[in-house]
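Using the numbering used here, read the sequence shown as starting at 32 and increasing by one per residue. Each residue gets a CB set at the ideal place from its N, CA and C atoms; glycine is no exception.
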Amino acid sequence: MPSSVDSEWVSSPATPEKQEMGFEGEQALSGEQTERKGSTLGAYLNLVCVVVGTGSLSLPRTFAQSGWISILLVIVCGLMGAFTGVLIIKCVNHMEPGRERSFNQIGQAAFMTVGRVVIFVLQAIFVVGVVGDYIILSGQSFQQIVSAHGHDIGEVAWKCICASIMWLACLSVKRMSETMVLSVLGFGTSLTAVAIGAAQSLITPYNEDTAGANSHHRATHDAAIGGGVAIALATISFSFCAVVVMPAVEASMRKPKRWNMVVGSAMGTVTVVYLIVGIIVYYAFGDQTKSPFFDNLPQNDAVAAARILIALHVLFAAPIIGASFALEVELALGITVERLGKLKELGSRVALRTVLFGAIMGVALGIPYFGDVMSLVGAFSTSLLLCVVPVVCYLRIRGWRQLGWPMRILCIAVAAIGIYACVLGAKGAIEDLRADIANDK
Numbered sequence: 032m033p034s035s036v037d038s039e040w041v042s043s044p045a046t047p048e049k050q051e052m053g054f055e056g057e058q059a060l061s062g063e064q065t066e067r068k069g070s071t072l073g074a075y076l077n078l079v080c081v082v083v084g085t086g087s088l089s090l091p092r093t094f095a096q097s098g099w100i101s102i103l104l105v106i107v108c109g110l111m112g113a114f115t116g117v118l119i120i121k122c123v124n125h126m127e128p129g130r131e132r133s134f135n136q137i138g139q140a141a142f143m144t145v146g147r148v149v150i151f152v153l154q155a156i157f158v159v160g161v162v163g164d165y166i167i168l169s170g171q172s173f174q175q176i177v178s179a180h181g182h183d184i185g186e187v188a189w190k191c192i193c194a195s196i197m198w199l200a201c202l203s204v205k206r207m208s209e210t211m212v213l214s215v216l217g218f219g220t221s222l223t224a225v226a227i228g229a230a231q232s233l234i235t236p237y238n239e240d241t242a243g244a245n246s247h248h249r250a251t252h253d254a255a256i257g258g259g260v261a262i263a264l265a266t267i268s269f270s271f272c273a274v275v276v277m278p279a280v281e282a283s284m285r286k287p288k289r290w291n292m293v294v295g296s297a298m299g300t301v302t303v304v305y306l307i308v309g310i311i312v313y314y315a316f317g318d319q320t321k322s323p324f325f326d327n328l329p330q331n332d333a334v335a336a337a338r339i340l341i342a343l344h345v346l347f348a349a350p351i352i353g354a355s356f357a358l359e360v361e362l363a364l365g366i367t368v369e370r371l372g373k374l375k376e377l378g379s380r381v382a383l384r385t386v387l388f389g390a391i392m393g394v395a396l397g398i399p400y401f402g403d404v405m406s407l408v409g410a411f412s413t414s415l416l417l418c419v420v421p422v423v424c425y426l427r428i429r430g431w432r433q434l435g436w437p438m439r440i441l442c443i444a445v446a447a448i449g450i451y452a453c454v455l456g457a458k459g460a461i462e463d464l465r466a467d468i469a470n471d472k
């Protein structure tokens, strides 16, 4: 039995026990359903692009909710994101030969059909919530910018335009290795927008002279606010949840043995960006920090440019999330060139992704209080997908008795944090939903 955490991360050849169970060694690649043409850099950019932009906008508010202790929470969530990202791929590498390298197949390998269905539902909730939020955010951003210059076609029209652009970009992706351009553009626009926002926060911090009519006291800062830690933890975990795209991204890499380095570097980059923007914005605006923090800033040309860049970022990031989910569904349904031929595969892919984006668009525009509802389901899906599902599936597939006690304790701790964020984060989202409903009455 291994006696240290480190030994759990060392690849080893297949043992007779693993062979009897149908497992291959850690170095083997099960279920090669896609060509491995993606670069290491492309995989890194994919992971960063999926989470860093909009996460940076909402994360400073968590500092106002929980105080400076959010610095620790961000670091912890970054470490958990890297840890569970490695676990997910170890689960894939431990599956029986021939299985697809996909997230829902991990559930199938661990808990049969029940596990596959549960993970698929959590994935669907996450994709609908995130892409729906991206449609709303981009539509609102473009509407605000254009209407400020005297042109107004309506917010719904802008949301439909943005959803159409995301849909077209998603249609063009046949494998995750083809998302390099989207990732580069999303990475560049998000970091530039965040840099502008952080600089503007330092230039025009909160004070009673600039706060306007809503000012009631000077901005304050707290070391820790106990009542806000849970909701802050749920929000921060959402900002690190790239786990849904990880199996597809890894399956596209030419050099999959570099996965640990890729996921560690990506989560490290996101952590640093979140800490920089969170510390600067909270220092500037204290308990008056809003979400998105652009609402704290003066509406000048620099901030308008940052809003445009963030809107562009979500146009680039949403197709990556949508494509990763669609690829898993298409593989499960047998929508491949080898099985259907080029024309039928193209037609089936267009039809499925059109239905997917149509459904997301309908949900985003049709559900009242969409943001609050998605915060509620997101509290469940995100915390479970980031912290609980990878750990539980790994323990099931790898085997509890095959792990040393340090690794067991680490897995239990990560899962416990996820459950804590899930339960109390959902409670906070329900309270917000009730408050918004009451305010509209």
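Which word fits residue i, buried or exposed, when buried means at least 16 other C-beta atoms lie within 10 angstroms of its C-beta?
{"i": "Gly86", "result": "buried"}
{"i": "Ile391", "result": "buried"}
{"i": "Val334", "result": "buried"}
{"i": "Asn331", "result": "exposed"}
{"i": "Trp189", "result": "buried"}
{"i": "Trp436", "result": "exposed"}
{"i": "Ala194", "result": "buried"}
{"i": "Asp183", "result": "exposed"}
{"i": "Ile119", "result": "buried"}
{"i": "Trp198", "result": "buried"}
{"i": "Ile468", "result": "exposed"}
{"i": "Leu103", "result": "exposed"}
{"i": "Thr115", "result": "buried"}
{"i": "Cys453", "result": "buried"}
{"i": "Gly11", "result": "The displayed coordinates of the chain run from 32 to 472. Any statement about residue 11 would go beyond what the structure contains."}
{"i": "Pro323", "result": "buried"}
{"i": "Ile443", "result": "exposed"}
{"i": "Glu462", "result": "exposed"}
{"i": "Met438", "result": "buried"}
{"i": "Arg432", "result": "exposed"}
{"i": "Glu131", "result": "buried"}
I'd like to know if residue i contacts chain C, where contact means its C-beta is closer than 8 Å to some C-beta of that chain.
{"i": "Gln175", "result": "As a matter of chain content, chain C is missing from the structure shown, which is built from one protein chain."}
Within its chain, find whatever has a CB closer than 7 Å to the CB of residue i; leave out the 5 residues flanking it on each side and keep chain order.
{"i": "Thr320", "result": "Pro91, Arg92, Phe94, Ala95, Val312, Tyr313, Asn327"}
{"i": "Ser355", "result": "Met207, Val275, Val276, Ala279"}
{"i": "Val204", "result": "Thr210, Pro350, Ala354"}
{"i": "Ser38", "result": "Only weak support exists for where Ser38 lies, its pLDDT of 46 falling under 50; the coordinates are left without a value."}
{"i": "Gly257", "result": "none"}
{"i": "Ala200", "result": "Leu213, Pro350"}
{"i": "Gln139", "result": "Gly146, Arg147"}
Do residue j and residue i count as a contact pair if the criterion is CB distance below 8 Å?
{"i": "Ala263", "j": "Tyr451", "result": "no"}
{"i": "Val162", "j": "Ile352", "result": "yes"}
{"i": "His125", "j": "Arg427", "result": "no"}
{"i": "Leu233", "j": "Ala315", "result": "yes"}
{"i": "Leu153", "j": "Leu416", "result": "yes"}
{"i": "Gly112", "j": "Met298", "result": "yes"}
{"i": "Ala265", "j": "Ser414", "result": "yes"}
{"i": "Phe157", "j": "Asn135", "result": "no"}
{"i": "Gly228", "j": "Phe347", "result": "no"}
{"i": "Leu72", "j": "Phe218", "result": "no"}
{"i": "Leu78", "j": "Thr220", "result": "no"}
{"i": "Ala250", "j": "Ser97", "result": "no"}
{"i": "Leu387", "j": "Ala357", "result": "yes"}
{"i": "Val105", "j": "Thr302", "result": "yes"}
{"i": "Ala466", "j": "Ala410", "result": "no"}
{"i": "Asn291", "j": "Val117", "result": "yes"}
{"i": "Leu407", "j": "Leu362", "result": "no"}
{"i": "Glu186", "j": "Gly160", "result": "no"}
{"i": "Tyr20", "j": "Ser268", "result": "In the structure as shown, the chain starts at 32 and stops at 472, and residue 20 therefore has no counterpart that could be examined."}
{"i": "Val360", "j": "Leu374", "result": "no"}
{"i": "Pro128", "j": "Thr235", "result": "no"}
Identify the continuous alpha helix (DSSP H) that holds residue i and give its terminal residues.
{"i": "Arg429", "result": "420 to 429"}
{"i": "Glu281", "result": "277 to 282"}
{"i": "Val162", "result": "134 to 178"}
{"i": "Asp332", "result": "332 to 364"}
{"i": "Met298", "result": "290 to 316"}
{"i": "Gly228", "result": "211 to 234"}
{"i": "Lys373", "result": "373 to 397"}
{"i": "Cys201", "result": "186 to 202"}
{"i": "Asn124", "result": "101 to 124"}
{"i": "Phe269", "result": "260 to 269"}
Tell me, which residues are paired with residue i by DSSP?
{"i": "Gly69", "result": "Met284"}
Going along the chain, which residues of its own chain have a beta-carbon closer than 6 Å to the beta-carbon of residue i, five neighbours each way excluded?
{"i": "Ala141", "result": "Cys424, Arg427, Ile428"}
{"i": "Ile137", "result": "Cys122, Cys424"}
{"i": "Ala224", "result": "Ala337, Leu340, Ile341"}
{"i": "Gly502", "result": "This structure does not reach residue 502, given that the chain is present from 32 up to 472, and the question cannot be answered."}
{"i": "Tyr165", "result": "Val345, Ala349"}
{"i": "Ile192", "result": "none"}
Ordered along the chain, which non-local residues of its own chain (more than five positions away) have a Cβ less than 8 Å from that of residue i?
{"i": "Gly365", "result": "Leu371"}
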